[in-house]
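For the sequence shown, the numbering used here assigns the number 1 to the initial residue and increments by one for each residue that follows.
Only one structure is covered here, and it is reproduced in the block below.
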Amino acid sequence: MIKTCIFADEVSRDFEEAVKLCKSAGASHVEVRGGIWGKDVTTASDDDVKRMQEVLNKYDMKIGCIGSPFGKCSFNKEEYERHLKIFERMIELSHIFDVNIIRMFAFWVPKELRGTPRHELKIGDFLSEIAERLKPAAKLAEKEDVIMALETEDSTLVGSCAEARAVIDAVESDAMKVCWDVNNSWQCKEIPYPDGYSHIKGLVVHVHVK
Numbered sequence: 001m002i003k004t005c006i007f008a009d010e011v012s013r014d015f016e017e018a019v020k021l022c023k024s025a026g027a028s029h030v031e032v033r034g035g036i037w038g039k040d041v042t043t044a045s046d047d048d049v050k051r052m053q054e055v056l057n058k059y060d061m062k063i064g065c066i067g068s069p070f071g072k073c074s075f076n077k078e079e080y081e082r083h084l085k086i087f088e089r090m091i092e093l094s095h096i097f098d099v100n101i102i103r104m105f106a107f108w109v110p111k112e113l114r115g116t117p118r119h120e121l122k123i124g125d126f127l128s129e130i131a132e133r134l135k136p137a138a139k140l141a142e143k144e145d146v147i148m149a150l151e152t153e154d155s156t157l158v159g160s161c162a163e164a165r166a167v168i169d170a171v172e173s174d175a176m177k178v179c180w181d182v183n184n185s186w187q188c189k190e191i192p193y194p195d196g197y198s199h200i201k202g203l204v205v206h207v208h209v210k
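Printed below as a string of structure tokens:
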């Protein structure tokens with residue numbers, strides 16, 4: 001069953017106000033990313049998380065997805081290791097909030113290639129490196145019973161559904177699914193349906209609509 005979920009920080013930078021307004025709009029879930037009283041999911045303390053739970057319980061709302069920034073980084077080893085630590089914290093939050101979907105990404109387009117027309121970026125040139133970096137996270141996701149929802153994001157190496165499918169096939173983990181941002185894929189010159197969808201049928205666990 002499809003559940004209506006709204007990015008809380010796109011409604012208000014105050015978490016309680018955002019949850020209240022999302023509830024009044026008819027949503028049953030919020031996606032948490034920023035707007036946590038001046039913090040985001042990577043910096044929220046345990047006390048902040050407890051306060052978030054109190055707000056959610058007050059309005060009978062739930063978290064639908066952890067909007068993590070995991071993977072919005074370069075291939076640099078030190079930078080990626082910091083992101084692995086972020087992912088570990090996202091898993092902790094997913095267990096606390098009883099939600100198994102963690103949004104993530106597949107690395108920034110390298111600086112020297114930014115501005116390159118999308119059709120000239122060949123995902124095959126990066127697949128082995130992407131898979132090498134993501135496989136440890138995928139194994140952890142499998143162990144912790146959470147889903148890595150790979151978002152189509154045109155500033156990263158995965159902007160289209162075709163690219164998302166290529167990465168998922170390369171990582172070879174049942175823990176990897178798709179967070180389909182339809183507009184982002186469209187900006188990569190991919191026709192969303194039926195073209196884009198044909199690559200990710202059966203893999204979509206979260207959809208962003210703008």
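Just so it is clear, CB atoms sit at the ideal spot from N, CA and C, and this is done for glycine as well.
Residue span of the alpha helix (DSSP H) that contains residue i, given as start and end
i	result
Asp48	Asp46 to Lys58
Residue i versus residue j: straight-line alpha-carbon distance, rounded
i	j	result
Ser24	Ile63	16 Å
Ile168	Lys177	7 Å
Ser28	Thr4	6 Å
His199	Glu151	14 Å
Asp48	Glu120	44 Å
Lys122	Asp145	32 Å
Among the options, the one whose alpha carbon lies nearest that of residue i
i	options	result
Gly35	Asp46, Val19, Ala27 and Gly26	Val19
Val205	Phe107, Asn184, Ala162 and Val99	Val99
Lys143	Phe97, Glu17, Ala175 and Cys65	Ala175
Gly67	Ile147, Ala131 and Phe126	Ile147
Bounding residues of the beta strand (DSSP E) (the contiguous stretch that carries residue i)
i	result
His83	Unbroken run through His83 is the alpha helix (DSSP H), Lys77 to Ile96; no beta strand (DSSP E).
Classification of residue i by the beta-carbon crowding that lies within 10 angstroms, buried from 16 upward
i	result
Thr156	buried
Met52	buried
Val11	buried
Secondary structure of residue i, DSSP reduced to three states
i	result
Leu150	strand
Phe107	coil
Trp180	strand
Gly64	strand
Phe7	strand
Glu31	strand
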